[in-house]
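All remarks here apply to the structure that follows.
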Amino acid sequence: MDLSLTTRQEDNHTVVVVGGEIDVYTAPKLREQLIDLVSAGSYHLVVDMEGVEFLDSTGLGVLVGGLKRVRAHEGSLRLVCTQERILKIFRITGLTKVFPIHSSVEDALAAHE
Amino acid sequence: MPTVELRFAALDGHVRTARMIATAVSRRAGIPVGAADEIKLAVTEACARAVRVNRKHAPTSPVHVALIDAPDSFTIKVADCGRTWDEVAAGPDGGLAPASTLLDLEPTSDDPPWWAAATDDDSDDGGGFPPGLGLALIEGLVDEVEVTRGPDGVGTVVAMTWHLGLDAALAKHS
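So this is what it looks like as structure tokens:
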């Protein structure tokens with residue numbers, strides 16, 4: 018299964034809905050999307066990962082790269098994920114320290130208030 | 013003899029092929045769902061690493077994957093043909109370096125950690141994770157990981173073994 022990406026605006030945030038597989042082959046697509054958003058002035062991002070079926074370290078690298086980019090503009094990058102198999106990857110790498118992870122887009126937006 | 017063996021050209025697109033095959037073989041072997049997810053990720057990380065290593069020093073050499081289904085365990089060996097120990101980061105105890113060290117997640121100074129600091133550096137392409145992170149992730153997932161020099165002293169072999177519990181082993185043979 019390939020990677021799907023859609024974006025929408027909500028409460029001064031850009032929500033990026035990601036679906037499918039994020040691996041070494043598809044991660045460049047996600048990287049481009051995040052770079053384009055930051056270049057266009059979207060510095061507060063919520064990445065909704067509920068539809069992600071697979072994530073590897075390349076995908077993690079792209080998310081970390083996105084975080085660095087928004088931080089350069091005093092922005093934020095929040096994740097939405099409740100899937101245990103994906104959360105486990107953030108736990109093993111310790112990246113739960115780095116990314117705020119929320120159980121829904123509403124929670125992520127509320128946390129920013 | 014391995015249950016299934018696979019050789020593929022060192023290209024990113026084939027990592028997915030290897031993942032699909034490993035998933036199919038683990039399913040056929042009756043591996044429980046949780047372990048099957050681990051296998052999927054571990055084989056992806058090991059193959060992506062091997063592709064990177066081969067492309068640096070042996071771009072025309074294939075990546076070799078062996079899947080071995082034994083009565084109470086499941087083993088995957090991934091071999092590259094690059095420089096031995098390339099992209100293998102050693103930890104202080106001689107084992108593999110953990111992800112938290114590689115990612116600098118335990119700051120030692122009072123400065124804000126890298127993920128909290130606003131930086132002007134916008135040049136990072138975002139893909140530059142430290143070498144060895146794939147293996148650190150594998151170590152966090154797999155029951156037993158062994159990293160050895162390849163046959164004839166060429167490349168590195170990453171051997172990953174899942175020990176299947178008694179219940180899973182019984183389910184496999186019922």
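Respectively, the protein sequence lines represent chains X and U.
Positions 18 to 130 (this note's numbering) are the ones given, in order, by the first sequence.
Positions 13 to 186 (this note's numbering) are the ones given, in order, by the second sequence.
Just so it is clear, CB atoms sit at the ideal spot from N, CA and C, and this is done for glycine as well.
Among the residues facing chain U, residue 95/X is not included, as its CB has no counterpart in that chain under 8 Å away. Counted as a single uninterrupted DSSP element, the alpha helix (DSSP H) harbouring residue 102/X occupies residues 101-110. Excluding residues up to 5 positions away in sequence, 80, 173 lie with their Cβ nearer than 6 Å to the Cβ of residue 87/U in the same chain.
Judged by pairs of C-beta atoms under 8 Å, the region 91-109 of chain X touches the region 58-78 of chain X, as three or more such pairs exist.
With its beta carbon at least 8 Å from every one in chain U, residue 107/X lies outside the interface. When the alpha-carbon of residue 144/U is set against those of 105/U, 160/U, 31/U, 57/U, the nearest one is in 57/U.
The Cβ of residue 155/U sits no closer than 8 Å to any Cβ of chain X. Distance check between residue 62/X and each of 110/X, 87/X, 107/X places 87/X closest, using alpha-carbon atoms only.
Within chain U, no residue has its beta carbon less than 9 Å from that of residue 20/X; the closest one is some 11 Å off. The C-alpha of residue 28/X lies about 14 Å from the C-alpha of residue 95/X. For the pair residue 82/U and residue 119/X, the Cα-to-Cα distance works out to about 40 Å. A direct Cα-Cα distance of roughly 28 Å separates residue 21/U from residue 43/U.
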